[in-house]
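>
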Amino acid sequence: MFYTSLNSACFVVISGAGGVISSARDIASATWLQTLLLLGKNPVTNEQVIPASVIQKVATGITHINDDTKTLIQVLVSSASELGPVVYGGGQMAVTYRGHTCVYFSGFNTQITRFPFDNFGIAVLSNDDAYGDQFTEVIKWRLIDALLGLEPIDWNTRCEISGLLFELRTDYL
995 MFYTSLNSAC FVVISGAGGV ISSARDIASA TWLQTLLLLG KNPVTNEQVI PASVIQKVAT
1055 GITHINDDTK TLIQVLVSSA SELGPVVYGG GQMAVTYRGH TCVYFSGFNT QITRFPFDNF
1115 GIAVLSNDDA YGDQFTEVIK WRLIDALLGL EPIDWNTRCE ISGLLFELRT DYL
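Residue 1167 is where the sequence shown ends in our numbering, and the numbering goes up by one at each step.
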């Protein structure tokens, strides 16, 4: 945990899982995504920096995400007929999308997604607290459709509908 002060108020800034803190530069250079796609090898030196078994283990589903604990994004994902059931591994979700294996995780308003058997990954970041999670989802899935050469889906409308469903669900919990 890291502490910072702003105008005499104290705020706690929480780092990512395992204390990992990265920058837009780390993500933009795709070092992390490339390392994941290379099963733990440094993309520059080819040195094994994370055991391949760890990369594979955290992306292996352990439990199914059930309806009671779904976030807005999980409501979107689970309601899409193009996506298989979402399973949670060691900090990462796995799902099939239109016949392709997809592994993803998010943090705040960030989406890190990879298609290990198609050998590509996408990082989408947003600094919008109100709708950032929706922005990143729409952009992510639109890019995925293009990269896989698939007919694009109107993810914007789907996010709007999922957002309404999520609000209705949380209003009555």
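Beta carbons: idealized from backbone N, C-alpha and C, even for Gly.
Can you have a look at G1093 and say buried or exposed, based on whether 16 or more other CB atoms are within 10 angstroms of its CB?
As a position in the sequence shown, residue 1093 is number 99, starting the count at 1. The residue in question, G1093, is exposed, as its Cβ has fewer than 16 Cβ neighbours within 10 Å.
> Can you tell me whether S1100 is helix, strand or coil according to DSSP?
Within the sequence shown, the letter at position 106 stands for residue 1100. Looking at S1100 - three-state DSSP - the assignment turns out to be strand.
> Cα separation between I1147 and P1045?
Residue numbering aside, residue 1147 sits at position 153 when the sequence shown is read from its first letter. Residue numbering aside, residue 1045 sits at position 51 when the sequence shown is read from its first letter. Spanning the two alpha carbons is a distance of roughly 36 Å.
> Could you give the residue range of the beta strand (DSSP E) that holds A1088?
Sequence index remark: in the sequence shown, residue 1088 carries index 94 (1-based). Element bounds for A1088: M1087 to Y1091.
> Who are L1077's beta bridge partners in DSSP?
Translated into positions along the sequence shown, residue 1077 becomes position 83. The partner list for L1077 (beta bridge, DSSP) reads Y1091.
> Since G1101 and R1108 are thought to touch, with beta carbons under 8 Å apart, how far apart are those beta carbons, to the nearest angstrom?
Residue 1101 sits at position 107 when you count from the first residue of the sequence shown. Residue 1108 sits at position 114 when you count from the first residue of the sequence shown. That pair is no contact at about 15 Å.
> Given this structure, state the Cα-to-Cα distance separating T1025 from E1154, to the nearest angstrom.
Counting from one through the sequence shown, the residue named residue 1025 turns up at place 31. Counting from one through the sequence shown, the residue named residue 1154 turns up at place 160. When rounded, the distance between both Cα atoms is 32 Å.
> At which residues does the beta strand (DSSP E) containing L1119 begin and terminate?
Here residue 1119 refers to the residue found at position 125 of the sequence shown. Counting along the chain, the beta strand (DSSP E) containing L1119 begins and ends at F1114 to L1119.
> May I ask you to report which of helix, strand or coil DSSP gives I1133?
By one-based count along the sequence shown, residue 1133 stands at place 139. Reduced to three states, the DSSP call for I1133 is helix.
> Ordered along the chain, which non-local residues of its own chain (more than five positions away) have a Cβ less than 6 Å from that of I1106?
Stepping through the sequence shown from its first residue, residue 1106 is reached at position 112. Once the five neighbours on either side are set aside, the close Cβ partners of I1106 are F1099 and A1117.
> Once the 5 residues before and after R1136 are set aside, which same chain residues still bring their CB inside 7 Å of it?
Here residue 1136 refers to the residue found at position 142 of the sequence shown. P1146 and W1149.
> Keeping to the same chain, check which residues put their C-beta closer than 8 Å to that of N1103; ignore five residues upstream and five downstream.
As a position in the sequence shown, residue 1103 is number 109, starting the count at 1. Correct list, in chain order: L1119, S1120, N1121, D1122, D1123, G1126, D1127, F1129 and T1130.
> Would you decide whether A1053 is buried or exposed? Buried here means 16 or more other CB atoms lie within 10 Å of its CB.
Indexing the sequence shown from 1 puts residue 1053 at position 59. Burial call: buried.
> Where do the N-terminal and C-terminal ends of the alpha helix (DSSP H) with Q1050 fall, by residue?
Numbered from 1 along the sequence shown, position 56 holds the residue referred to as residue 1050. Run containing Q1050: A1046 to V1052, per the alpha helix (DSSP H) assignment.
> How is T1057 classed by DSSP in three states: helix, strand or coil?
Counting from 1 along the sequence shown, the entry for residue 1057 is found at position 63. The answer is strand: DSSP assigns T1057 an E or B state.
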